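These notes are about the structure you will find just below.
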Amino acid sequence: MRSLWWSLLVVQILLLLGFSNGESPYRWYNWNITYGDIYPLGVKQQGILINGQFPGPQIDSVTNDNLIINVFNSLDEPFLLSWNGIQQRRNSWQDGVYGTNCPIPPGQNFTYVLQVKDQIGSFFYFPSLAMHKAAGGYGGIIIRSRPLIPVPFPPPTGDYTILIGDWFKQNHTDLKAILDGGNDLPFPDGLLLNGRGSNGLTFTVDQGRTYRFRISNVGLTTAINFRIQGHKMVLVEVEGTHTLQNTYESLDIHLGQSYSVLVTMDQPGQDYYIVASTRFTSPVLTATSILHYSNSAGGVSGPPPGGPTIEIDWSLNQARSVRYIMNLFAEMKVRQNLTASGPRPNPQGSYHYGLVNTTRTIRLANSAPMINGKKRYAVNSVSFIPADTPLKLADYFKIPGVFNLGSIQDYPTGGGGYLQTSVMAADFRAYVEIVFENPEDTVQSWHIDGHIFFVVGMDGGQWSAASRLNYNLRDGISRCTIQVYPRSWTALYMPLDNVGMWNIRSENWARQYLGQQFYFRVYSPVNSWRDEYPIPIGALLCGRASGRKTRPL
501 MRSLWWSLLV VQILLLLGFS NGESPYRWYN WNITYGDIYP LGVKQQGILI
551 NGQFPGPQID SVTNDNLIIN VFNSLDEPFL LSWNGIQQRR NSWQDGVYGT
601 NCPIPPGQNF TYVLQVKDQI GSFFYFPSLA MHKAAGGYGG IIIRSRPLIP
651 VPFPPPTGDY TILIGDWFKQ NHTDLKAILD GGNDLPFPDG LLLNGRGSNG
701 LTFTVDQGRT YRFRISNVGL TTAINFRIQG HKMVLVEVEG THTLQNTYES
751 LDIHLGQSYS VLVTMDQPGQ DYYIVASTRF TSPVLTATSI LHYSNSAGGV
801 SGPPPGGPTI EIDWSLNQAR SVRYIMNLFA EMKVRQNLTA SGPRPNPQGS
851 YHYGLVNTTR TIRLANSAPM INGKKRYAVN SVSFIPADTP LKLADYFKIP
901 GVFNLGSIQD YPTGGGGYLQ TSVMAADFRA YVEIVFENPE DTVQSWHIDG
951 HIFFVVGMDG GQWSAASRLN YNLRDGISRC TIQVYPRSWT ALYMPLDNVG
1001 MWNIRSENWA RQYLGQQFYF RVYSPVNSWR DEYPIPIGAL LCGRASGRKT
1051 RPL
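For the sequence shown, my numbering begins at 501 and goes up steadily by one.
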């Protein structure tokens, strides 16, 4: 009976949201979230499994597909999933963070209805509440190109997803208790590749063939460097954007970021190390897996290849080399866009962003204040605290007292930290400059939900208006997660083309949990489905929104 009711409900949702389009297929998933024993570093832990798997099942889709993901929570605590990099056009109702969604209560389900509209690339999903991410619950997302949409490289022989992240031997509940007590997390105990420690995985390849590796940093606290012994990597995609195809011996991948590389198997037939190691840490953690040639005449030889450790300038220069691929057809579209009043997409999903005037500059500085005797993290001196009601619901139902627009400033205040449910107002279709400023001695990583942005500059020292003279206004990469180096800044241009309540957060999960995040309310006064879908039928309601009515079936 539950299955029949759920199917009827989803059909109603699809019809009302206008997803009944014969050209856009549906992919249906039923996921059961449970606890289970896992041993990723040889120590028994309580992991979060999806359909009994750690990591969770991979979502393999094609651009414009409709994903119907029914998530049943069999844990003994509330649970949410979020979709790192999936823009969810006009649909922040499906974002899967507490500011937009009520958690799924124990013993209940929620059906995510997503359309991977006009995106092609590599992403991942993860649990967004508390410290659940430290227990697993994450998995890869692939969005492939339709047959008629060209990509700028030949089809590879094979396609591998590699999810890398730091890991703690302590259970996620213990890590949460450490943070709740006002303390920093200890140093991680190791690195995992697809849920396993060193030499736990083997990737089999054929000599002379080219393979695609999609690599995501799903960790909690540390950047990583990725390399393959004896092989070059050609970068082809970053979080849904095709890149200039530079060749690298190793790649820095910061928290929350995803990269795709092509690797040609041009070495003698044997086994080779695949290596990940932490960046900017002491000690350095390393994990390995095996690249196995199908005609291998022997195992791996020698030690795993070393990588960079603290070399910040090396990493900064590499980051600047990651650029958007410009071709003749894209240049023709650029010339067509010169008279446009705002950014317009070209066929590869980018914009000629440098010819559009920004209307607002937002400067965001991270800090680590002590508040009420406990360690907290803040943005422009505000340390975010969750409200008793998801902000999206409070906004929709016009519930007073949950949040205030303007509760976070557009610029660093220089004052001490304080607690606030911080929400920044923004206008739909504005075009903004965002500058992340990092006065601390550690690398930061930032993610913006629901949007892509164009990386126009990054450098050491203090940002000023004169910094704009060195911006890249031609072929900067577009993405959704960006690093900011110690005592440095990173500048972005971003079109606010997606109405909703969107999370801006540190991808360092301890910092995010202790307040280094806020919400961006992108608002349109026009109540139109063209700009934003209505509240879903069957939306979970909680807090002061409990008992309210959405829409009838």
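Using N, Cα and C, we set each Cβ at its ideal position, and we do this for glycine too.
All figures in this text were calculated on a predicted structure; none of them were measured in a lab.
Determine the closest residue to residue i out of the options, with distance taken between C-alpha atoms.
i: A1010; options: S883, G769, R727, F572; result: S883
i: W989; options: R979, G960, N972, Y1013; result: G960
i: H947; options: Q962, L969, N1003; result: N1003
i: G599; options: Q1017, T859, P1036, E1032; result: Q1017
i: R589; options: I952, A776, G917; result: I952
i: P783; options: G690, L864, Q745; result: G690
i: I569; options: N904, R1021, Y529, R876; result: Y529
i: P886; options: K676, G682, V902, A930; result: V902
i: Q546; options: F668, N601, I586; result: F668
i: D706; options: H672, L755, S796; result: S796
i: E1032; options: V956, G950, I977, R1005; result: G950
i: E739; options: K875, L905, P900, D618; result: D618
i: D910; options: D895, K892, E937; result: E937
i: Y660; options: I559, F687, P606, R863; result: I559
i: P768; options: A776, D666, H731; result: H731
i: S794; options: P900, M765, I810; result: M765
i: P869; options: G914, P890, T859; result: G914
i: Y535; options: T673, L567, S592; result: T673
i: Y1019; options: Q1012, A966, M924, F954; result: M924
i: A677; options: L1014, S801, S1028, I1037; result: L1014
i: P688; options: G873, N1008, N609; result: N1008
Enumerate in chain order the residues of its own chain whose CB-to-CB distance from residue i is below 6 Å, with the five nearest sequence positions on each side excluded.
i: S716; result: F624, L663, S758
i: D941; result: P986
i: M733; result: Y748, V761, V763
i: S1046; result: none
i: T1050; result: I1035, A1039
i: T786; result: S777
i: V984; result: F936, N938, Q944, T990
i: N1079; result: There is simply no residue 1079 to check, as the chain begins at 501 and stops at 1053 in what is shown.
i: G798; result: Q770
Hey, could you find the ends of the alpha helix (DSSP H) residue i is sitting in?
i: S881; result: Careful: S881 lies outside any alpha helix (DSSP H) and carries neither H nor E.
i: R820; result: 812-821
i: D560; result: Where D560 is concerned, there is no enclosing alpha helix (DSSP H), although the beta strand (DSSP E) it sits in stretches over 559-562.
i: Y539; result: Careful: Y539 lies outside any alpha helix (DSSP H) and carries neither H nor E.
i: Y1013; result: 1009-1013
i: A926; result: Where A926 is concerned, there is no enclosing alpha helix (DSSP H), although the beta strand (DSSP E) it sits in stretches over 922-927.
i: L762; result: Counting along the chain, L762 falls outside any alpha helix (DSSP H), though it belongs to the beta strand (DSSP E) covering 758-764.
Go through its chain and collect everything with a Cβ distance to residue i's Cβ below 7 Å, but skip five positions before and after it.
i: P555; result: G636, Y638, G639, L663, N694, G695
i: L629; result: P578, F579, L580, Y598, P603
i: S645; result: T563, I620, V651
i: I728; result: V763, Y772, I774, L791
i: T743; result: L735, V736, E737, V822, R823, Y824, I825, I977
i: V1022; result: A926, F928, L996, N998, V999, G1000, W1002
i: Y971; result: V956, G957, A991
Measure how close the beta-carbons of residue i and residue j come, nearest whole angstrom, since I'm counting them as under 8 Å.
i: I550; j: P557; result: 6 Å
i: L1041; j: R1048; result: 6 Å
i: T1055; j: V763; result: Residue 1055 falls outside the range modelled here, since the chain spans only 501 to 1053, and no answer is possible.
i: S582; j: F626; result: 6 Å
i: A819; j: M958; result: 6 Å
i: Y918; j: S881; result: 7 Å
i: L867; j: S945; result: It should be noted that the sequence gives Ser, not Leu, for residue 867. Rounded, the Cβ-Cβ distance is 16 Å, inconsistent with contact.
i: A807; j: G719; result: Reading the sequence as shown, one finds Gly at residue 807 and not Ala. With a Cβ gap of about 16 Å, G807 and G719 do not count as contacting.
i: Y931; j: V956; result: With 8 Å as the limit, Y931 and V956 do not qualify as a contact, their Cβ atoms being about 12 Å apart.
i: R779; j: S815; result: 7 Å
What are the residues that DSSP puts in a beta bridge with residue i?
i: K875; result: M870
i: L992; result: I934, V955
i: F610; result: V571
i: H742; result: E737
i: T788; result: V775
i: Q545; result: I538
i: N725; result: D752, S777
Could you give the first and the last residue of the continuous beta strand (DSSP E) run that contains residue i?
i: L581; result: 581-584
i: I649; result: Neither: I649 is in no beta strand (DSSP E) and is coded neither H nor E.
i: T702; result: 702-705
i: H947; result: 944-948
i: L691; result: 690-693
i: I662; result: 658-667
i: T858; result: Run containing T858: none; DSSP gives neither H nor E here.
i: T981; result: 981-984
Any heavy atom of the ligand ADP within a distance shorter than 8 Å of the CB on residue i?
i: P986; result: For the ligand ADP, the structure offers nothing, since it holds no ligand at all.
For residue i, which residues of its own chain have a beta-carbon under 8 Å away from its beta-carbon, when the five flanking residues on both sides are left out?
i: G658; result: V705, R709, Y711, R712
i: T889; result: I899, V902, C1042, G1043, R1044, A1045
State yes or no: is the beta carbon of residue i nearer than 9 Å to at least one beta carbon in chain C?
i: N972; result: Included in the structure is just one protein chain, with no chain C present.
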